[in-house]
Amino acid sequence: MQVDRATIHAIVGENGAGKSTLMKILYGLHQPDSGTIAINGVLTQFKSPSEAIAAGIGMVHQHFMLADNLTVLENIILGYEPTKYGVLSLGDARKRVKELATSIGVDLDLDLPISELGVGQRQRVEILKVLFRGAEILVLDEPTAVLVPQEVVELFVNLRKLVANGTTILFISHKLDEVLSISDQITVIRQGSTVASVSPNRWIV
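Letter by letter, the sequence shown follows residues 281 to 485 of the working numbering.
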């Protein structure tokens, strides 16, 4: 399977086909039994998520990993707090997060506790969190599973802006109508193997 830079590449297949396992391997959560991974032509293998993050890969899980008692800003920068002269610089962090949010069309109150946000807003926080860590490749695991239709529309607007900014997106889904509307390329996985990779306009329903 080959994924082009700055595109939305959908990974589809039935439950148990191996979609999520493949993405967990890419993110360093699982180790592969065989095969290779190359990023920008360089063979690599991640032994942990921290190694994947350092290489510019970010993953937004189907079940969000946010701290309800912290604010939007605090969640986004958690573990990656910027410092100036050895002192925490929230001003720099706030500026950077606002720039990221604006660049993809997200409008959030950075001082609100996560507990006051809806599901769609929480998902945007997760996306901003991985972007703040420097992700150039964004893995989305069933991103629309918990969203209402209007939130799906808004998410797709954000994703298209991400791609326009140069981000590569791996979009794991079993919802074919959504995949056909958002993706540049579709790879079908069955029993852990790639069956086909096609563009949406060549997909025959």
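Virtual Cβ for every residue (Gly too), placed ideally from N, Cα, C.
Everything numeric in this text was worked out from a predicted model, so none of it was measured.
Sorting R482, A286, P312, H343 by C-alpha distance to the C-alpha of V405 places H343 at the top. Assignment of G385 by DSSP, reduced to helix, strand and coil, places it in the coil class.
Non-local beta-carbon contacts of T474 in its own chain, meaning distances under 8 Å to residues more than five positions away in sequence, involve M281, T467, V468 in chain order. Listed as beta-bridge partners of M339 by DSSP are V419. Exposed is the label assigned to D284, since fewer than 16 other Cβ atoms lie within 10 Å of its Cβ.
Excluding residues up to 5 positions away in sequence, G293, A297 lie with their Cβ nearer than 7 Å to the Cβ of R470 in the same chain. Burial check for L358: the Cβ neighbour count within 10 Å stays below 16, so the residue is exposed. CA-to-CA, the gap between P362 and L370 works out to about 7 Å. Leaving aside the five residues that flank K327 on each side, the residues in its chain whose CB is nearer than 7 Å to its CB run, in chain order, G308. Assignment of beta strand (DSSP E) within the stretch 427-480, counting only whole runs of 3 or more residues, yields 448-453, 465-470, 473-478 in chain order.
The Cβ atoms of L435 and I394 do not sit closer than 7 Å to each other. According to the DSSP assignment, I288 belongs to no alpha helix (DSSP H) but to the beta strand (DSSP E) extending over 288-292.
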